[in-house]
Amino acid sequence: MFVLCFILCLSFLPEVKSDIELVQPSSEIKSPGESVKLSCKTSGYSFTSSHWIHWIQQVPGKGLQWIGRIDPSDAETHYSPSYQGRSHISTDNSQSTAFLQLNNLKVEDTAIYYCARSDTVKRTN
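If you count the sequence shown from 1, position 108 lands on 201 in our numbering, and the numbers rise without skipping.
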């Protein structure tokens, strides 16, 4: 049986001069076919104020792959087509935490998963 190891990294935004942090647990180990729910606890800013929380995957030896994002202020989500249907991004605003759930895991899902924050820019019609 293959064992999937999800290594989660502590993510900081180096260009920000304040104490903004995005903190993830160190690792998760799951088997193919199972689900995993990864967390990203934030601090140092208002969680529901004009920022996206992104999830990114990096398979060992490969580049970064964007999974999707959520706006905690209204739960608006966007997903990469390759993750649509098998992933779900959500938040617990009371805990300033974002989540990525991956279902029906495959061996190819073995990777480092990052969360990151960016400014929210929305178009108005």
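Quick reminder that beta carbons are idealized off the backbone N, C-alpha and C, glycines included.
{"Check": "For Leu-223, the first and last residue of its enclosing beta strand (DSSP E)", "Outcome": "One cannot answer for residue 223 here, as it falls past the ends of the chain, which runs 94 to 218."}
{"Check": "Classification of Leu-131 by the beta-carbon crowding that lies within 10 angstroms, buried from 16 upward", "Outcome": "buried"}
{"Check": "Under the three-state DSSP convention, the category Val-129 falls into", "Outcome": "strand"}
{"Check": "Sub-8 Å separation of Gly-156 and Trp-148 beta-carbons", "Outcome": "no"}
{"Check": "Status (buried if at least 16 other CB within 10 Å, exposed otherwise) for Pro-165", "Outcome": "buried"}
{"Check": "Where Val-96 falls: helix, strand or coil (DSSP)", "Outcome": "With a pLDDT of only 40 at Val-96, under the threshold of 50, the placement of this residue in the model should not be trusted, and no figure is reported."}
{"Check": "For Ala-168, the first and last residue of its enclosing beta strand (DSSP E)", "Outcome": "It is not in any beta strand (DSSP E) - Ala-168 carries neither H nor E in the DSSP assignment."}
{"Check": "The region 168-180 / the region 109-123 touching (three or more Cβ pairs under 8 Å)", "Outcome": "no"}
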